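S.K.: Pasting in a structure now, in C-alpha coordinates, and then I'll have a few things to ask.
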Amino acid sequence: MSAIQRPPGRLWEWLDQRVGLADLEKLAHKKQVPVHRYTLWYYLGGMTLFLFITQVSTGILLLLYYRPSAEEAYESVQFLMSEVQFGWLVRSIHAWAANLMIFTLFVHLFSVLLLKAYRPPREVTWFSGVALLGLALGFGFTGYLLPWNELAYFATKVGTEITGSVPVVGHFLGRLLRGGSEVTGATLTRFYGIHVAVLPALAGGLVGLHLYLVQRHGMSVPPGVERSGAPARVMPFVPNFLLRDLVGWLSVLAVLAALAAYFPAELGKKADPFLPAPAGIKPEWYFMFMFQTLKYLPSYVLGIEGEIVGIVGFGLGGLFLLAIPLLDRRTARGEPSRLFTWIGVAIIVYMVVLTYLGYTASATK
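Read in order, the letters of the sequence shown are residues 11 to 375 in the numbering used here.
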(Lines of atoms letter the chains of each structure in order from A and count residues from 1; the text may use other names and numbers.)
(Lines give C-alpha, C1' and ligand atoms only; values in the text may rest on other atoms or scores of the structure.)
Protein backbone atom coordinates (compact mmCIF):
# COMPACT_ATOMS: atom_id res chain seq x y z
CA MET A 1 0.00 0.00 0.00
CA SER A 2 1.14 3.59 -0.59
CA ALA A 3 2.30 5.96 2.11
CA ILE A 4 -0.96 7.90 1.74
CA GLN A 5 -3.10 4.82 2.40
CA ARG A 6 -0.94 3.58 5.26
CA PRO A 7 0.45 6.43 7.40
CA PRO A 8 3.67 5.58 9.21
CA GLY A 9 3.69 5.41 12.99
CA ARG A 10 1.41 6.26 15.88
CA LEU A 11 2.40 9.93 16.01
CA TRP A 12 1.27 10.36 12.41
CA GLU A 13 -2.03 8.63 13.16
CA TRP A 14 -2.56 10.78 16.27
CA LEU A 15 -1.92 14.00 14.34
CA ASP A 16 -3.90 12.81 11.31
CA GLN A 17 -7.01 12.29 13.43
CA ARG A 18 -6.75 15.83 14.76
CA VAL A 19 -5.45 17.98 11.88
CA GLY A 20 -5.98 15.79 8.81
CA LEU A 21 -2.36 15.18 7.74
CA ALA A 22 -3.41 12.56 5.19
CA ASP A 23 -5.60 15.11 3.41
CA LEU A 24 -2.72 17.58 3.30
CA GLU A 25 -0.41 14.89 1.95
CA LYS A 26 -2.92 13.97 -0.76
CA LEU A 27 -3.18 17.64 -1.71
CA ALA A 28 0.61 17.99 -1.88
CA HIS A 29 0.98 14.91 -4.07
CA LYS A 30 -1.91 16.01 -6.27
CA LYS A 31 -0.37 19.44 -7.01
CA GLN A 32 1.50 19.63 -10.31
CA VAL A 33 3.76 22.25 -11.88
CA PRO A 34 3.74 23.02 -15.65
CA VAL A 35 7.01 22.29 -17.44
CA HIS A 36 8.06 24.57 -20.32
CA ARG A 37 10.91 26.89 -21.25
CA TYR A 38 9.81 29.47 -18.66
CA THR A 39 9.53 27.09 -15.69
CA LEU A 40 12.63 28.62 -14.10
CA TRP A 41 10.63 31.73 -13.18
CA TYR A 42 8.33 29.67 -10.94
CA TYR A 43 11.09 29.31 -8.36
CA LEU A 44 11.23 33.05 -7.59
CA GLY A 45 8.08 32.97 -5.48
CA GLY A 46 9.42 30.30 -3.14
CA MET A 47 12.79 32.04 -2.99
CA THR A 48 11.12 35.30 -1.94
CA LEU A 49 9.14 33.42 0.72
CA PHE A 50 12.34 31.85 2.04
CA LEU A 51 13.98 35.28 2.31
CA PHE A 52 10.91 36.62 4.12
CA ILE A 53 11.15 33.76 6.64
CA THR A 54 14.85 34.56 7.04
CA GLN A 55 13.92 38.19 7.73
CA VAL A 56 11.40 37.19 10.38
CA SER A 57 13.82 34.75 12.05
CA THR A 58 16.79 37.12 12.20
CA GLY A 59 14.51 40.03 13.13
CA ILE A 60 13.26 38.17 16.20
CA LEU A 61 16.86 37.54 17.27
CA LEU A 62 17.69 41.22 16.86
CA LEU A 63 14.67 42.21 18.96
CA LEU A 64 16.19 40.39 21.94
CA TYR A 65 18.86 43.10 22.20
CA TYR A 66 17.45 46.17 20.42
CA ARG A 67 16.15 49.13 22.45
CA PRO A 68 13.91 51.52 20.47
CA SER A 69 14.86 54.93 21.82
CA ALA A 70 17.06 57.73 20.52
CA GLU A 71 19.23 57.42 23.64
CA GLU A 72 19.84 53.67 23.44
CA ALA A 73 19.14 52.42 19.90
CA TYR A 74 22.62 53.04 18.49
CA GLU A 75 24.36 51.67 21.59
CA SER A 76 22.19 48.54 21.60
CA VAL A 77 23.10 47.77 17.97
CA GLN A 78 26.75 48.52 18.73
CA PHE A 79 26.64 46.12 21.68
CA LEU A 80 24.96 43.48 19.54
CA MET A 81 27.64 43.69 16.88
CA SER A 82 30.67 43.84 19.17
CA GLU A 83 29.74 41.87 22.29
CA VAL A 84 27.03 39.34 21.40
CA GLN A 85 28.37 36.12 19.91
CA PHE A 86 27.58 36.12 16.16
CA GLY A 87 25.48 39.24 16.64
CA TRP A 88 27.26 40.94 13.74
CA LEU A 89 26.46 37.94 11.55
CA VAL A 90 22.74 37.96 12.41
CA ARG A 91 22.46 41.69 11.71
CA SER A 92 24.39 41.36 8.44
CA ILE A 93 22.20 38.47 7.26
CA HIS A 94 19.11 40.51 8.18
CA ALA A 95 20.37 43.49 6.17
CA TRP A 96 21.44 41.49 3.11
CA ALA A 97 18.28 39.32 3.16
CA ALA A 98 16.19 42.50 3.06
CA ASN A 99 17.95 43.64 -0.10
CA LEU A 100 17.75 40.22 -1.75
CA MET A 101 14.08 39.83 -0.81
CA ILE A 102 13.14 43.12 -2.44
CA PHE A 103 15.26 42.24 -5.49
CA THR A 104 13.59 38.84 -5.92
CA LEU A 105 10.21 40.49 -5.39
CA PHE A 106 10.88 42.92 -8.22
CA VAL A 107 12.09 40.13 -10.51
CA HIS A 108 9.12 37.92 -9.57
CA LEU A 109 6.66 40.75 -10.20
CA PHE A 110 8.06 41.61 -13.61
CA SER A 111 8.32 37.94 -14.64
CA VAL A 112 4.62 37.59 -13.83
CA LEU A 113 3.92 40.77 -15.80
CA LEU A 114 5.86 39.70 -18.89
CA LEU A 115 4.52 36.14 -18.82
CA LYS A 116 0.95 37.47 -18.43
CA ALA A 117 0.35 35.34 -15.34
CA TYR A 118 -2.19 37.90 -14.09
CA ARG A 119 -4.84 36.61 -16.51
CA PRO A 120 -8.28 35.59 -15.17
CA PRO A 121 -8.88 34.11 -12.68
CA ARG A 122 -5.59 35.28 -11.13
CA GLU A 123 -6.30 39.01 -10.84
CA VAL A 124 -6.50 38.94 -7.03
CA THR A 125 -3.22 36.98 -6.92
CA TRP A 126 -1.63 39.88 -8.80
CA PHE A 127 -3.24 42.47 -6.50
CA SER A 128 -1.88 40.71 -3.40
CA GLY A 129 1.58 40.42 -4.99
CA VAL A 130 1.75 44.15 -5.79
CA ALA A 131 0.58 44.92 -2.25
CA LEU A 132 3.34 42.68 -0.85
CA LEU A 133 5.92 44.59 -2.88
CA GLY A 134 4.61 47.82 -1.36
CA LEU A 135 4.87 46.33 2.13
CA ALA A 136 8.43 45.16 1.42
CA LEU A 137 9.39 48.72 0.48
CA GLY A 138 7.73 49.86 3.70
CA PHE A 139 9.84 47.35 5.64
CA GLY A 140 12.96 48.77 4.01
CA PHE A 141 12.01 52.39 4.72
CA THR A 142 11.08 51.87 8.38
CA GLY A 143 13.93 49.48 9.17
CA TYR A 144 16.60 51.80 7.77
CA LEU A 145 16.18 54.28 10.67
CA LEU A 146 16.29 51.76 13.52
CA PRO A 147 20.10 51.72 14.06
CA TRP A 148 19.81 55.52 14.57
CA ASN A 149 23.03 56.26 12.72
CA GLU A 150 23.93 59.39 10.79
CA LEU A 151 23.11 58.21 7.27
CA ALA A 152 19.81 56.63 8.32
CA TYR A 153 18.71 59.74 10.21
CA PHE A 154 19.24 62.19 7.37
CA ALA A 155 17.94 59.77 4.71
CA THR A 156 14.76 59.36 6.77
CA LYS A 157 14.50 63.13 7.14
CA VAL A 158 14.60 63.50 3.35
CA GLY A 159 12.17 60.62 2.85
CA THR A 160 9.59 61.97 5.30
CA GLU A 161 9.90 65.43 3.75
CA ILE A 162 9.02 63.91 0.38
CA THR A 163 6.06 62.13 2.00
CA GLY A 164 4.98 65.47 3.42
CA SER A 165 4.75 66.84 -0.13
CA VAL A 166 1.90 64.48 -1.08
CA PRO A 167 -1.08 66.63 -2.09
CA VAL A 168 -3.94 67.04 0.43
CA VAL A 169 -2.81 64.37 2.94
CA GLY A 170 0.94 65.05 2.88
CA HIS A 171 1.07 67.23 5.99
CA PHE A 172 -0.94 64.68 7.96
CA LEU A 173 1.18 61.75 6.72
CA GLY A 174 4.41 63.58 7.50
CA ARG A 175 3.39 64.30 11.10
CA LEU A 176 1.99 60.80 11.47
CA LEU A 177 5.28 59.22 10.45
CA ARG A 178 7.52 61.62 12.35
CA GLY A 179 5.41 61.93 15.48
CA GLY A 180 5.83 65.69 15.17
CA SER A 181 7.35 68.25 12.87
CA GLU A 182 10.91 66.84 13.00
CA VAL A 183 12.64 63.46 12.99
CA THR A 184 13.16 62.68 16.69
CA GLY A 185 13.06 59.79 19.11
CA ALA A 186 9.29 59.74 18.60
CA THR A 187 9.90 58.99 14.92
CA LEU A 188 12.20 56.12 15.84
CA THR A 189 9.58 54.65 18.19
CA ARG A 190 6.87 54.91 15.52
CA PHE A 191 9.06 53.35 12.85
CA TYR A 192 9.92 50.55 15.28
CA GLY A 193 6.24 49.83 15.97
CA ILE A 194 5.39 49.89 12.26
CA HIS A 195 8.39 47.71 11.38
CA VAL A 196 7.91 44.96 13.99
CA ALA A 197 4.12 44.95 14.46
CA VAL A 198 2.01 46.67 11.81
CA LEU A 199 3.86 45.59 8.66
CA PRO A 200 4.47 41.97 9.78
CA ALA A 201 0.77 41.56 10.60
CA LEU A 202 -0.27 42.90 7.19
CA ALA A 203 2.44 40.90 5.40
CA GLY A 204 1.49 37.68 7.18
CA GLY A 205 -2.14 38.03 6.10
CA LEU A 206 -1.23 38.91 2.52
CA VAL A 207 1.32 36.08 2.24
CA GLY A 208 -1.34 33.63 3.45
CA LEU A 209 -3.84 34.98 0.90
CA HIS A 210 -1.25 34.89 -1.89
CA LEU A 211 -0.24 31.29 -1.16
CA TYR A 212 -3.88 30.22 -0.94
CA LEU A 213 -4.66 31.79 -4.33
CA VAL A 214 -1.60 30.19 -5.94
CA GLN A 215 -2.72 26.84 -4.53
CA ARG A 216 -6.31 27.37 -5.65
CA HIS A 217 -5.58 28.44 -9.23
CA GLY A 218 -2.27 26.66 -9.80
CA MET A 219 0.67 28.08 -11.71
CA SER A 220 -0.16 29.95 -14.88
CA VAL A 221 1.06 28.75 -18.27
CA PRO A 222 2.20 31.66 -20.52
CA PRO A 223 -0.22 32.42 -23.39
CA GLY A 224 2.53 31.85 -25.97
CA VAL A 225 3.10 28.32 -24.67
CA GLU A 226 -0.64 27.61 -24.72
CA ARG A 227 -1.02 28.90 -28.29
CA SER A 228 1.95 26.86 -29.52
CA GLY A 229 -0.15 23.70 -29.32
CA ALA A 230 2.71 21.71 -27.76
CA PRO A 231 1.66 18.81 -25.50
CA ALA A 232 1.21 19.93 -21.89
CA ARG A 233 3.97 18.66 -19.62
CA VAL A 234 3.89 18.70 -15.81
CA MET A 235 6.01 17.60 -12.88
CA PRO A 236 4.78 16.65 -9.37
CA PHE A 237 5.19 19.40 -6.80
CA VAL A 238 6.26 16.76 -4.27
CA PRO A 239 9.03 15.75 -4.45
CA ASN A 240 10.33 17.04 -7.83
CA PHE A 241 9.59 20.77 -7.66
CA LEU A 242 9.98 20.98 -3.87
CA LEU A 243 13.48 19.48 -3.98
CA ARG A 244 14.50 21.98 -6.65
CA ASP A 245 13.04 24.73 -4.47
CA LEU A 246 15.14 23.51 -1.53
CA VAL A 247 18.30 23.59 -3.66
CA GLY A 248 17.50 27.22 -4.52
CA TRP A 249 16.92 28.10 -0.87
CA LEU A 250 20.19 26.51 0.21
CA SER A 251 21.99 28.38 -2.57
CA VAL A 252 20.50 31.68 -1.41
CA LEU A 253 21.48 30.86 2.17
CA ALA A 254 25.06 30.27 1.03
CA VAL A 255 25.05 33.61 -0.83
CA LEU A 256 23.67 35.35 2.27
CA ALA A 257 26.34 33.81 4.49
CA ALA A 258 29.09 34.85 2.06
CA LEU A 259 27.81 38.43 1.76
CA ALA A 260 27.43 38.74 5.53
CA ALA A 261 30.93 37.37 6.13
CA TYR A 262 32.79 39.37 3.48
CA PHE A 263 30.63 42.52 3.46
CA PRO A 264 29.16 42.83 6.98
CA ALA A 265 26.63 45.56 7.69
CA GLU A 266 28.28 48.75 8.93
CA LEU A 267 26.96 50.90 11.75
CA GLY A 268 28.66 54.24 11.10
CA LYS A 269 28.35 57.24 13.41
CA LYS A 270 25.52 57.91 15.81
CA ALA A 271 22.90 60.35 14.54
CA ASP A 272 23.24 63.94 15.74
CA PRO A 273 20.30 66.12 14.68
CA PHE A 274 22.33 69.30 15.32
CA LEU A 275 25.03 68.47 12.76
CA PRO A 276 24.61 69.29 9.05
CA ALA A 277 23.73 66.45 6.72
CA PRO A 278 26.82 64.69 5.33
CA ALA A 279 27.49 64.96 1.61
CA GLY A 280 26.21 62.25 -0.69
CA ILE A 281 23.11 61.26 1.26
CA LYS A 282 21.07 58.89 -0.87
CA PRO A 283 18.34 56.31 -0.33
CA GLU A 284 18.58 52.56 -0.61
CA TRP A 285 18.91 51.23 -4.17
CA TYR A 286 15.24 50.26 -4.44
CA PHE A 287 14.21 53.91 -3.93
CA MET A 288 16.98 55.38 -6.07
CA PHE A 289 15.03 55.58 -9.36
CA MET A 290 12.31 57.64 -7.66
CA PHE A 291 14.82 59.83 -5.83
CA GLN A 292 16.74 60.51 -9.04
CA THR A 293 13.56 61.29 -10.96
CA LEU A 294 12.63 63.95 -8.40
CA LYS A 295 16.12 65.44 -8.74
CA TYR A 296 15.75 65.75 -12.52
CA LEU A 297 12.34 67.43 -12.40
CA PRO A 298 12.33 71.23 -12.73
CA SER A 299 11.18 73.42 -9.85
CA TYR A 300 7.80 73.96 -11.49
CA VAL A 301 5.86 72.02 -14.12
CA LEU A 302 2.89 73.94 -15.55
CA GLY A 303 2.79 76.05 -12.40
CA ILE A 304 2.88 73.05 -10.06
CA GLU A 305 5.88 72.22 -7.88
CA GLY A 306 8.05 69.60 -9.62
CA GLU A 307 8.28 67.44 -6.49
CA ILE A 308 4.49 67.26 -6.23
CA VAL A 309 4.25 66.34 -9.92
CA GLY A 310 6.76 63.54 -9.38
CA ILE A 311 5.02 62.18 -6.28
CA VAL A 312 1.61 62.22 -7.98
CA GLY A 313 3.18 60.56 -11.02
CA PHE A 314 4.62 57.71 -8.97
CA GLY A 315 1.29 57.29 -7.18
CA LEU A 316 -0.56 57.04 -10.49
CA GLY A 317 2.12 54.67 -11.77
CA GLY A 318 1.56 52.39 -8.77
CA LEU A 319 -2.19 52.40 -9.38
CA PHE A 320 -1.61 51.61 -13.05
CA LEU A 321 0.63 48.67 -12.12
CA LEU A 322 -2.03 47.39 -9.71
CA ALA A 323 -4.78 47.70 -12.33
CA ILE A 324 -2.97 45.97 -15.21
CA PRO A 325 -5.14 42.80 -15.04
CA LEU A 326 -8.22 45.00 -15.47
CA LEU A 327 -6.71 47.08 -18.29
CA ASP A 328 -5.17 44.31 -20.38
CA ARG A 329 -8.33 43.02 -22.01
CA ARG A 330 -6.56 41.32 -24.92
CA THR A 331 -4.66 39.00 -22.61
CA ALA A 332 -7.87 38.30 -20.69
CA ARG A 333 -9.39 37.09 -23.98
CA GLY A 334 -6.36 34.91 -24.72
CA GLU A 335 -5.06 37.19 -27.51
CA PRO A 336 -1.47 38.47 -27.88
CA SER A 337 -0.89 41.74 -26.01
CA ARG A 338 2.38 43.32 -27.11
CA LEU A 339 1.44 46.73 -25.65
CA PHE A 340 1.64 45.58 -22.03
CA THR A 341 4.76 43.56 -22.77
CA TRP A 342 6.49 46.71 -23.98
CA ILE A 343 5.10 48.69 -21.06
CA GLY A 344 6.70 46.15 -18.71
CA VAL A 345 10.02 46.33 -20.55
CA ALA A 346 9.88 50.15 -20.50
CA ILE A 347 9.32 50.18 -16.71
CA ILE A 348 12.27 47.84 -16.16
CA VAL A 349 14.58 49.92 -18.39
CA TYR A 350 13.45 53.15 -16.71
CA MET A 351 14.13 51.79 -13.21
CA VAL A 352 17.55 50.37 -14.15
CA VAL A 353 18.73 53.47 -16.00
CA LEU A 354 17.57 55.94 -13.31
CA THR A 355 19.13 53.78 -10.58
CA TYR A 356 22.42 53.69 -12.50
CA LEU A 357 22.34 57.46 -13.03
CA GLY A 358 21.58 57.97 -9.35
CA TYR A 359 24.72 56.18 -8.26
CA THR A 360 27.01 57.50 -10.97
CA ALA A 361 25.80 61.08 -10.57
CA SER A 362 26.37 60.96 -6.82
CA ALA A 363 29.77 59.42 -7.37
CA THR A 364 30.94 62.21 -9.66
CA LYS A 365 29.89 65.06 -7.37
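Idealized CB from N, CA, C, for every residue including glycine. Every value quoted in this text rests on a predicted model; they were computed, and no experiment measured them.
In this structure, what does DSSP give as the bridge partners for tyrosine 310?
M.R.: Tyrosine 310 pairs with Glu315.
S.K.: In its own chain, which residues sit with a C-beta less than 6 Å from the C-beta of alanine 13, not counting the 5 before and 5 after it?
M.R.: Low confidence applies to alanine 13: its pLDDT is 43, below 50, so where it sits in the model is not reliable, and the reading given next is rough at best. Correct list: empty, nothing qualifies.
S.K.: Mind checking lysine 40: buried by the 16 CB within 10 Å criterion, or exposed?
M.R.: Classification for lysine 40: exposed.
S.K.: Taking the straight line between their C-alpha atoms, what separation do you get for leucine 145 and alanine 242?
M.R.: Between leucine 145 and alanine 242, the C-alpha separation is close to 36 Å.
S.K.: What are the boundary residues of the beta strand (DSSP E) that includes methionine 245?
M.R.: Where methionine 245 is concerned, the enclosing beta strand (DSSP E) stretches over 244-246.
S.K.: Tell me whether valine 231 sits in a helix, a strand or coil according to DSSP, three-state version.
M.R.: Residue state, collapsed to three classes: coil.
S.K.: Does any CB atom of chain D fall closer than 8 Å to the CB of phenylalanine 164?
M.R.: Looking for chain D here will not work: only one protein chain is present.
S.K.: With a 10 Å radius around its C-beta and 16 neighbouring C-beta atoms as the bar for buried, classify alanine 268 as buried or exposed.
M.R.: So alanine 268 counts as exposed.
S.K.: Would you identify the three-state DSSP class for valine 193, choosing helix, strand or coil?
M.R.: Note: valine 193 maps to coil in three-state DSSP.
S.K.: What do you get for alanine 371, buried or exposed, if any count of 16 or more other CB atoms within 10 angstroms of its CB means buried?
M.R.: Under this definition alanine 371 is an exposed residue.
S.K.: Determine the burial state of threonine 374: buried for a count of at least 16 other Cβ atoms within 10 Å of its Cβ, exposed for fewer.
M.R.: At threonine 374 the pLDDT is 45, less than 50, meaning the model places this residue with poor confidence and gives no usable figure here.
S.K.: Would you mind stating whether threonine 58 and threonine 114 have Cβ atoms separated by less than 8 Å?
M.R.: Yes, they are a contact pair.
S.K.: According to the neighbour-count rule (16 or more other Cβ atoms, all chains shown, within 10 Å of its Cβ), is lysine 126 buried or exposed?
M.R.: Answer is buried; the Cβ neighbour count reaches 16.
S.K.: Scan the segment 132-186 and note each continuous alpha helix (DSSP H) run of 4 residues or more that stays entirely inside, going in chain order.
M.R.: Listed in chain order, they are 133-155 and 160-173.
S.K.: Can you look up valine 94 in the DSSP assignment and give me helix, strand or coil?
M.R.: Reduced to three states, the DSSP call for valine 94 is coil.
S.K.: What did DSSP end up calling lysine 280 once you bin it into helix, strand or coil?
M.R.: Strand.
S.K.: Looking at C-alpha atoms only, which residue of Arg226, Pro131, Val178 and Glu294 is the closest neighbour of alanine 165?
M.R.: The shortest Cα separation from alanine 165 among Arg226, Pro131, Val178 and Glu294 belongs to Glu294.
S.K.: Below 8 Å, can you find three or more Cβ-Cβ pairs linking the segment 237-253 to the segment 65-75?
M.R.: In short, these stretches do not touch, since the Cβ pair count stays below three.
S.K.: Runs of 3 residues minimum, wholly inside the segment 30-70: which ones carry the beta strand (DSSP E) assignment?
M.R.: 42-44, all fully within the segment 30-70.
S.K.: Report, in whole angstroms, the separation of the C-beta atoms of tyrosine 128 and proline 335, which I expect to be a contact under 8 Å.
M.R.: Confirmed, Cβ separation roughly 4 Å.
S.K.: So what's alanine 270 in DSSP terms, helix, strand or just coil?
M.R.: Reduced to three states, the DSSP call for alanine 270 is helix.
S.K.: Please classify arginine 129: does DSSP put it in a helix, a strand, or coil?
M.R.: Arginine 129: coil per DSSP, three-state reduction.
S.K.: How many angstroms separate the CA atom of leucine 329 from the CA atom of glycine 290?
M.R.: Cα to Cα, the separation comes out at about 31 Å.
S.K.: Around the Cβ of valine 193, are there at least 16 other Cβ atoms within 10 angstroms (buried) or fewer (exposed)?
M.R.: Buried, since its Cβ has 16 or more Cβ neighbours within 10 Å.
S.K.: When you compare the CB positions of phenylalanine 299 and methionine 361, do they come within less than 8 Å of one another, or not?
M.R.: Result yes, Cβ atoms of phenylalanine 299 and methionine 361 sit closer than 8 Å.
S.K.: Measure the C-alpha to C-alpha separation of valine 117 and isoleucine 318 and round it to an integer number of angstroms.
M.R.: Distance between the alpha carbons of valine 117 and isoleucine 318 is about 29 Å.
S.K.: Is arginine 343 helix, strand or coil by DSSP?
M.R.: Of the three classes helix, strand and coil, the one that applies to arginine 343 here is coil, per DSSP.
S.K.: Check for me: the alpha helix (DSSP H) holding isoleucine 334 runs from which residue to which?
M.R.: Start and end: 334-337.
S.K.: Mind reading off the beta-carbon distance from alanine 281 to glycine 195? Whole number of angstroms is fine, and I expect it under 8 Å.
M.R.: That belief does not hold up - the Cβ atoms of alanine 281 and glycine 195 are roughly 10 Å apart, past 8 Å.
S.K.: Among residues of its own chain, excluding the 5 on either side of serine 175, which ones have a beta-carbon nearer than 8 Å to its beta-carbon?
M.R.: Correct list, in chain order: Glu315, Glu317, Ile318 and Ile321.
S.K.: By Cβ distance, which residues of its chain are closer than 6 Å to serine 309, with the 5 residues on each side in sequence left out?
M.R.: Closer than 6 Å at the Cβ level, and outside the excluded window around serine 309, lie Gly316.
S.K.: Alpha carbon to alpha carbon, how far is tyrosine 272 from proline 157?
M.R.: So the two alpha carbons sit approximately 21 Å from each other.
S.K.: Taking a contact to mean a Cβ-Cβ separation below 8 Å, would you say serine 121 touches leucine 216 in this structure?
M.R.: Their beta carbons are not under 8 Å apart, which means serine 121 does not touch leucine 216 by this criterion.
S.K.: When the Cα of glutamate 35 is compared with those of Leu332, Pro283, Pro286 and Pro249, which residue comes out closest?
M.R.: The candidate whose alpha carbon is nearest that of glutamate 35 is Pro249.
S.K.: Please report how far the alpha carbon of proline 200 lies from the alpha carbon of leucine 187, in whole angstroms.
M.R.: Correcting the residue type first, residue 200 is arginine in the shown sequence and not proline. Between arginine 200 and leucine 187, the C-alpha separation is close to 7 Å.
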